[in-house]
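See structure below.
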């Protein structure tokens, strides 16, 4: 199915289902996906084989300069963003200068649009690295992925390129305390044996909710597929089911948002 890549380091602004008017920052190459996951629902498509060294990343200085130019342009039009969002063609925390880029972004936000938030959408694969964790504690919206309580399902749905541990991921996510939003994708897909699987089934959700209870995040974002996916035949979970999951999650989380 059709997918797309962000062809600029600074893109948008766009209207985000979860965040409002969002100015995007892509710390990955503009011509390919670079990620520690290869999710079957990723809007950027499946990743290509190859190392980080084979793709050009924008430098810290390039990002700072391009972001400042865009904020000056938007300020001149009186159209400032609600949020500056790190997303783009893969996992932003893989950038070797991620922590410095975050410091620069916060300084620019404070100068040009002090009411805007800084958000990072991350799959949580790099949060064991102290420099990444410290940077994520500085942003307003530290949004970390937890798609399932089952390592088997994570390996099917998210396809990490390392040995993924639910227990280790949950322990690391829990360390962020108030500086945290957990995001979870619910969807239906066809497994290798031909059966359709749905990670919004009661038993899957119950196990996931126990992890959410342990993490005790202040915010939770649940959503389903909204765009075309690289794996054909994927299906949305119904709005009614997402709403029901949200009601259950409200037992453990102060703020739960649903995007459909």
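Numbering (this note's numbering), first residue to last: 1050 to 1309. Think of the CB as a built atom: it goes at the ideal place given N, C-alpha and C, for glycine as much as any other residue. Note that this is a predicted model, so its numbers are computed, not measured.
For this session: Use the C-beta contact count for residue 1232: other C-beta atoms within 10 angstroms, 16 or more gives buried, fewer gives exposed.
Result: With 16 or more other CB atoms across the displayed protein chains lying within 10 angstroms of its CB, residue 1232 is buried.
Exercise. Taking C-alpha atoms, which residue in 1180, 1136, 1192 and 1293 lies nearest to residue 1079?
Worked result: When each option's Cα is compared against that of residue 1079, the closest is 1136.
Problem set entry | CA-to-CA distance, residue 1114 to residue 1060, given in whole angstroms | Rounded to the nearest angstrom, the two C-alpha atoms are 14 Å apart.
Problem set entry | Inter-residue CB distance, residue 1238 and residue 1246 (contact presumed, cutoff 8 Å) | The Cβ separation is near 6 Å, so the contact holds.
For this session: Measuring alpha carbon to alpha carbon, tell me which of 1309, 1176, 1065 and 1282 ends up nearest residue 1289.
Result: The candidate whose alpha carbon is nearest that of residue 1289 is 1309.
For this session: Would you mind sorting residue 1211 into buried or exposed? The rule is 16 or more other CB atoms within 10 Å of its CB.
Result: Exposed.
Exercise. Below 8 Å, can you find three or more Cβ-Cβ pairs linking the stretch 1194-1202 to the stretch 1176-1184?
Worked result: With fewer than three CB-CB distances shorter than 8 Å, the stretch 1194-1202 does not count as touching the stretch 1176-1184.
Exercise. Would you say residue 1254 faces chain D, with C-beta separation under 8 Å as the test?
Worked result: The structure shown contains no chain D, having only a single protein chain.
Exercise. If you count every other CB in all the chains shown that lies within 10 Å of the CB of residue 1242, and 16 or more means buried, which is it?
Worked result: That one is exposed.
For this session: Kindly give me the distance between the Cβ atoms of residue 1297 and residue 1254, rounded to whole angstroms, as I take these residues to be in contact under 8 Å.
Result: Yes, residue 1297 and residue 1254 are in contact; Cβ-Cβ is about 7 Å, under 8 Å.
Exercise. Applying the criterion that 16 or more other CB atoms from any shown protein chain within 10 Å of the CB defines a buried residue, is residue 1089 buried or exposed?
Worked result: Label assigned to residue 1089: buried.
Exercise. What did DSSP end up calling residue 1272 once you bin it into helix, strand or coil?
Worked result: Reduced to three states, the DSSP call for residue 1272 is strand.
Problem set entry | Beta-bridge pairing of residue 1247 - partner residues as DSSP gives them | Residue 1247 pairs with 1237.
Problem set entry | Proximity test, residue 1262 beta-carbon vs the ligand FAD heavy atom, cut-off 7 Å | By its list of ligands, the structure shown contains no ligand whatsoever, and the ligand FAD lies outside what it can speak to.
For this session: Please go through the same chain and pick out, in chain order, the residues whose beta-carbon is closer than 6 Å to the beta-carbon of residue 1285, but skip the five residues on each side of it.
Result: Once the five neighbours on either side are set aside, the close Cβ partners of residue 1285 are 1273 and 1274.
Exercise. Going by Cα to Cα distance, which pick from 1302, 1276 and 1065 is closest to residue 1092?
Worked result: For residue 1092, the closest of 1302, 1276 and 1065 by C-alpha to C-alpha distance is 1276.
For this session: With DSSP collapsed to three states, give me the class of residue 1109.
Result: Residue state, collapsed to three classes: helix.
Exercise. How many whole angstroms separate the CB atoms of residue 1263 and residue 1223, which I take to be in contact at a CB cut-off of 8 Å?
Worked result: So it is a contact: roughly 7 Å between Cβ atoms.
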